[in-house]
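Residue numbering for the sequence shown follows the numbering used here, starting at 2 and increasing by one per position.
Let me begin by presenting the structure, written as structure tokens, before commenting on it.
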Amino acid sequence: MKTVKELATEIVAREGGFVNDPADAGGATNHGVTLTTLRRLGLDITKDRRIDQADVRALSQTQAVEIFVEHYFHRPGIGNLPESLQPSVFDMYVNAGSNAVKVLQRLLGQMGFACEPDGQIGPQTTRAAQSAFEAAPSHLVDAYGIARRNYYYSLADARPASRKFVRRRDGGKGGWITRAEEFISEKYRLSDAQHRARVAAWA
């Protein structure tokens with residue numbers, strides 16, 4: 002498996018540079034790190050005693066990697082999950098916060114392994130994930146990726162402003178879906194026709 006730093010570096014590359022899309026609930030973002038995150042962590046990048054959009058713009062890729070490794074991998078306890086599951090959960094945690102863990106917890110519950118969907122990786126979630134992995138070592142990662150993909154679709158069902166991240170202007174798969182499917186075996190990825198059928202009701 003790749004190191005946590007290598008995974009974080011890939012996430013930073015996947016996230017891209019500075020954007021401030023009003024349709025994105027995260028607001029101003031650079032390398033995947035939002036202004037809200039900088040304020041929550043008290044990171045004054047420009048050292049001007051204010052944490053604002055200028056700090057988001059000034060954030061380096063190296064700093065973003067350090068933030069992800071410490072605050073999106075180690076502190077949430079992602080390293081306690083089965084190793085093969087860690088890259089996808091880590092990637093989604095950067096993208097969706099504790100919802101990444103809730104998606105996993107709901108999946109584990111559906112698989113018959115008791116797990117409270119509280120968004121925290123505690124002993125119960127760790128045991129449930131390990132038991133699920135032992136029961137279905139070849140399927141758990143795909144099952145999580147599919148659940149993650151479904152989460153994005155359902156989010157866009159409920160929030161029209163998010164649909165641009167799920168469906169491109171030409172109707173093809175948007176960034177959230179292609180990102181989720183990077184962690185799903187090819188045989189479980191949706192065809193273009195299946196994707197279009199899934200989002201047809203949005204018109």
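All C-beta atoms, glycine included, are put in the ideal place defined by N, C-alpha and C.
Owing to the predicted nature of the structure, the values given are computational and were not obtained by experimental measurement.
field: Given I178 as reference, the closest of S85, V66, R50, D92 once Cα atoms are compared
entry: Looking up residue 178 in the sequence shown gives position 177. With distances taken between Cα atoms, I178 lies closest to D92.
- prompt: Quick one: what does DSSP say K174 is sitting in, helix, strand or coil?
  reply: To locate residue 174, count along the sequence shown from 1; it is residue 173. If DSSP states are grouped into helix, strand and coil, K174 belongs with the strands.
task: Note down the Cα distance separating Q131 from I122, rounded to an integer number of angstroms.
output: If you number the sequence shown from 1, residue 131 lands on position 130. If you number the sequence shown from 1, residue 122 lands on position 121. Between Q131 and I122, the C-alpha separation is close to 12 Å.
- request: Would you tell me roughly how many angstroms separate the C-alpha atoms of F184 and D143, rounded to the nearest one?
  value: As a first step, residue 184 must be located in the sequence shown, where it is residue number 183. As a first step, residue 143 must be located in the sequence shown, where it is residue number 142. Each residue's Cα considered, the two are about 7 Å apart.
Residue of K188, A133, V167 minimising C-alpha distance to R197: Stepping through the sequence shown from its first residue, residue 197 is reached at position 196. Ranking K188, A133, V167 by Cα distance to R197 puts V167 first.
Between the CA atoms of A202 and S193 - distance to the nearest angstrom: The count along the sequence shown starts at 1 and reaches residue 193 at position 192. The count along the sequence shown starts at 1 and reaches residue 202 at position 201. The sequence shown places Asp at residue 193, not Ser. Approximately 15 Å, taken between the alpha carbons.
Beta-ladder partner(s) of N31, from DSSP: The residue labelled residue 31 in the question sits at position 30 within the sequence shown. Partner(s): V34.
task: For my contact list, V66 and A29 are in at a C-beta cut-off of 8 Å; report their separation, rounded to the angstrom.
output: The residue given as residue 66 occupies position 65 in the sequence shown. The residue given as residue 29 occupies position 28 in the sequence shown. Not a contact, Cβ separation roughly 19 Å.
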